[in-house]
Amino acid sequence: MRPFSKLGRQDLLKRFGEDCISGADNMICVLSSSEKQDAASEALSIALKPIVQTIGRPDSELGASLYVGVFLAHAAALYEGQVRLGTQFPLQSVHGNGVVDYIIAEATKDALCGIVEVKHTDVRGGVSQNAFQLHAAIMKRIRQEGTQNRTSYTMYGIVTNLADWILVECTVFVGDDSAVERTMFKTQRFPSVFDLDDWEVYSKKVLSFLHWALGNMVSDSIHQVKRIKTHNNNSASNHICAP
Numbered sequence: 001m002r003p004f005s006k007l008g009r010q011d012l013l014k015r016f017g018e019d020c021i022s023g024a025d026n027m028i029c030v031l032s033s034s035e036k037q038d039a040a041s042e043a044l045s046i047a048l049k050p051i052v053q054t055i056g057r058p059d060s061e062l063g064a065s066l067y068v069g070v071f072l073a074h075a076a077a078l079y080e081g082q083v084r085l086g087t088q089f090p091l092q093s094v095h096g097n098g099v100v101d102y103i104i105a106e107a108t109k110d111a112l113c114g115i116v117e118v119k120h121t122d123v124r125g126g127v128s129q130n131a132f133q134l135h136a137a138i139m140k141r142i143r144q145e146g147t148q149n150r151t152s153y154t155m156y157g158i159v160t161n162l163a164d165w166i167l168v169e170c171t172v173f174v175g176d177d178s179a180v181e182r183t184m185f186k187t188q189r190f191p192s193v194f195d196l197d198d199w200e201v202y203s204k205k206v207l208s209f210l211h212w213a214l215g216n217m218v219s220d221s222i223h224q225v226k227r228i229k230t231h232n233n234n235s236a237s238n239h240i241c242a243p
């Protein structure tokens with residue numbers, strides 16, 4: 001049997017079943033907000049248990065990515081069809097072609113509104129990578145749709161190594177001629193969100209963070225709000241402007 005670090009993403013999905021990633025949206029019916037959170041937390045624990053027992057602490061990016069996929073699926077289910085989750089999404093930019101780990105799309109418009117990058121250790125490098133990905137996605141949208149009288153476009157990304165989670169915001173400002181005037185990045189870091197030693201408790205923290213983060217993504221996809229909303233968690237913020 002091959003070790004998990006050598007398995008591809010599809011191998012992992014086959015081993016644990018597609019329900020770990022794609023079946024979460026079947027768990028929520030007509031429930032109140034708090035009931036939905038409780039139902040999602042319970043379903044998340046059930047989905048995570050066999051993965052924790054089999055993989056334990058992931059020793060590779062692929063192992064971490066499987067955990068993240070389960071978290072994302074259950075957070076997306078809280079939006080009851082408004083949010084679509086995709087994996088292994090190809091993306092082109094001036095810096096080259098690549099594949100992003102996960103995408104978040106606003107389902108009614110099928111519009112990309114978030115990109116998730118999973119790292120085993122190098123979270124800082126993942127932030128730079130995610131920033132390039134977000135900028136490339138926004139530029140592609142501008143090329144396809146034009147500016148439509150907008151002065152800016154905003155998109156969010158998430159970078160994580162399971163323990164720490166970072167929200168990345170990319171805003172591209174455009175002029176009347178659709179030329180890019182400047183690009184601004186903001187980051188918010190949420191340390192120690194997940195700990196496998198007490199995974200059932202910490203998984204609720206991850207679900208809460210992702211529920212909030214996906215809300216920002218969908219809100220900005222619809223309304224293009226340019227400000228990261230305040231989340232009731234300790235975080236460190238950075239603002240970076242690029243010409």
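Letter by letter, the sequence shown follows residues 1 to 243 of the UniProt record's numbering. Note that beta-carbon positions come from the ideal geometry of N, C-alpha and C, so glycine has one too.
Assigned with DSSP and collapsed to three states, E80 falls in coil, not helix or strand. In this structure, T171 and T151 do not form a Cβ contact; the two beta carbons are roughly 10 Å apart against a cut-off of 8 Å. The straight-line gap separating the alpha-carbon atoms of A107 and E80 is approximately 10 Å. For L134, the enclosing alpha helix (DSSP H) stretches over residues 123-145. Look at K186 here: in three-state DSSP terms it is strand. Taking a contact to require three or more Cβ pairs closer than 8 Å, the segment 53-72 and the segment 126-138 do not qualify as touching. When rounded, the separation of the alpha-carbon atoms in E145 and M139 is 10 Å. When the Cα atoms are used, Q37 and F173 turn out to be separated by approximately 36 Å. Of the residues assessed, A137 falls on the buried side of the cut-off, its CB having 16 or more other CB atoms within 10 angstroms. In the structure shown, D101 falls within a strand segment according to DSSP collapsed to helix, strand and coil. Under the DSSP assignment, F173 falls in the beta strand (DSSP E) whose first and last residues are 165-174. S208 has no beta-bridge partner at all, per DSSP. Judged by their CB atoms, F194 and L214 are not nearer to each other than the 9 Å cut-off. One alpha carbon belongs to L167, the other to D177, and they sit about 30 Å apart. Taking A179 as reference, the option from H120, R143, L44, A73 with the minimal CA-CA separation is R143. Shown here, V193 sits in coil according to DSSP, grouped into three states, outside any helix or strand. Short of 7 Å from the beta carbon of L48, and not among the five residues preceding or following it, lie these beta carbons of its own chain, in chain order: V70, W199, S203.
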